[in-house]
Amino acid sequence: MAELFYQRDVYGKTLVELGGKNPDIVVLDADLSSSTRTGLFAKAFPKRFFNMGVAEQNLMGVAAGLAVSGKTVFASTFAIFATGRAWDQVRNGICYNHLNVKIVATHAGLTVGPDGASHQALEDLALVRVIPGINVVVPCDGPQTKAAVLAAAETPGPFYIRLGRAKVPTIEGTEDFRLGKAQVLREGGDVAIIACGMMVGNALKAAEKLAGKGVRARVINMHTLRPFDAEAVKEAAGTVRGVVVCEEHSIVGGLCSAVAETLQEEGYCGRVATVAIKERFGQSGDPDELIKSYKLTAEDVERAALESIRG
């Protein structure tokens, strides 16, 4: 069985690694350092860590100021607060000025679990994806989280990296991360399953089930929503009978929208099925039960794939 990791554990350890190499890296948090794991950096480099308290707008404003002074800034809090509460500061302070701030937001999506709708960011990708000039990354596992954070540290400009709360399995080959370049994790000529984040694992499970029914599924890990690998989508759509898009996010504004926009420009006439959250807020519950309730399981992906090639 694949090893399970908390992505935020990997993030915290990677920050410490970066901090030992680059004295210009600073880290900010909004009184959640034990949850986001930035506390590991705080312990290793206390003079370069700033707890801004429960003041996310100020967190982003200070991050912008430190970036102007030449620092590479990692700013962390829960995804719902990083994007919802501080959107104005992210847009006008950080992105408009193309500052070197890396927003690494944890506890995204339904799998936050018992904290419920107020803490489950189902709209965060839509909120950041609409802002010009920001890189948007949704790693699918632990090794890819590390690779994405390292890439963000080396790439000038603003980033939004989306991490979940729950453990996710390690997926072979994902550590070979290139910003804006999708990964084909499984080849197949019948249906293309395009996924990001924790849904990549479910997409691969669905592909195994489909193979038992004689359906060959190509699985694409679309870890970067900006810059978006439109060519990978076009190439896949041109060689299969159906397309499925999967994300632990609203059907509006995230990966589903990015794929739809790309295919619309191509005049694609095939079926596109979606496995995402449709017109619902989150709710308190066990993460696995929520995934079932909101129809984001591997079985749901399998059904969507079969629907996309039917007829």
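Quick note: the sequence shown uses the working numbering, first residue 461, plus one each step.
All C-beta atoms, glycine included, are put in the ideal place defined by N, C-alpha and C.
When C-beta atoms of the segment 668-685 are compared with those of the segment 639-650, three or more pairs fall below 8 Å, so the two segments count as touching. Ala535 places its beta carbon 8 Å or farther from that of Val514.
In the structure shown, the three-state DSSP call for Cys706 is strand.
Note on Gly593: under 16 other CB atoms within 10 angstroms of its CB, so exposed under the neighbour-count rule. If you compare the alpha carbons of Thr537, Leu559, Gln517 and Ala546 with that of Lys531, the shortest gap goes to Leu559. Contact check for Ala608 against Ile621 passes: the beta carbons are separated by less than 8 Å. Checking the DSSP bridge columns, you'll see Arg686 partnered with Val596. DSSP places Phe509 inside the beta strand (DSSP E), whose first and last residues are Phe509 to Asn511. Per DSSP, reduced to three states, the secondary structure at Phe538 is strand. Distance between Lys694 and Val651, taken at the CA atoms: about 13 Å. Residue burial is scored here from C-beta neighbours: Pro616 has fewer than 16 other C-beta atoms within 10 angstroms and is therefore classed as exposed. DSSP lists no beta-bridge partner residue for Thr722. Under a 10 Å Cβ-count criterion, Lys606 is classified as buried, with 16 or more other Cβ atoms of the shown protein chains found around its own Cβ.
With distances taken between CA atoms, Val628 lies nearest to Met658 out of Ala611, Phe637 and Met658. Note that the C-beta distance between Leu570 and Glu767 is not below 8 Å. Phe637 is positioned such that its CB atom lies no closer than 8 Å to that of Ala671. Counted as a single uninterrupted DSSP element, the stretch harbouring Gln743 is not any alpha helix (DSSP H), since DSSP gives it neither H nor E.
Annotated three-state conformation of Asp584 is helix, per DSSP. According to the DSSP secondary-structure assignment, Thr615 is paired through a beta bridge with no residue. Counting along the chain, the unbroken beta strand (DSSP E) around Pro629 starts and ends at Lys627 to Pro629.
Listed as beta-bridge partners of Val693 by DSSP are no residues whatsoever. The C-beta distance from Gly714 to Ala586 rounds to 6 Å, short enough to fall under 8 Å. Under the Cβ criterion (8 Å, minimum of three pairs), the segment 502-511 does not count as touching the segment 538-546. Where Arg646 is concerned, the enclosing beta strand (DSSP E) starts and stops at Gln643 to Arg646. When secondary structure is reduced to three states using DSSP, Ala736 falls in the strand class. When Cβ pairs closer than 8 Å are counted between the two stretches, the segment 596-606 is seen not to touch the segment 726-742, the count staying below three.
Arg497 is classed as buried because its beta carbon has at least 16 other beta carbons within 10 Å across all chains shown. For Ala655 against Ala758, the beta-carbon gap comes to about 11 Å, at or over 8 Å, which does not count as contact.
Beta bridge pairing from DSSP links Thr532 with Ile485. For Ile554 against Val564, the beta-carbon gap comes to about 13 Å, at or over 8 Å, which does not count as contact. When the beta-carbon positions are compared, Val675 and Ala764 stay at least 8 Å from each other. Sequence-distant Cβ neighbours of Gly499 in its own chain, meaning closer than 6 Å and more than five residues away, are Ser493. Residues Ala690, Val693 and Lys694 of the same chain have their beta carbon placed closer than 7 Å to that of Thr722, with the five preceding and five following residues left out of the count.
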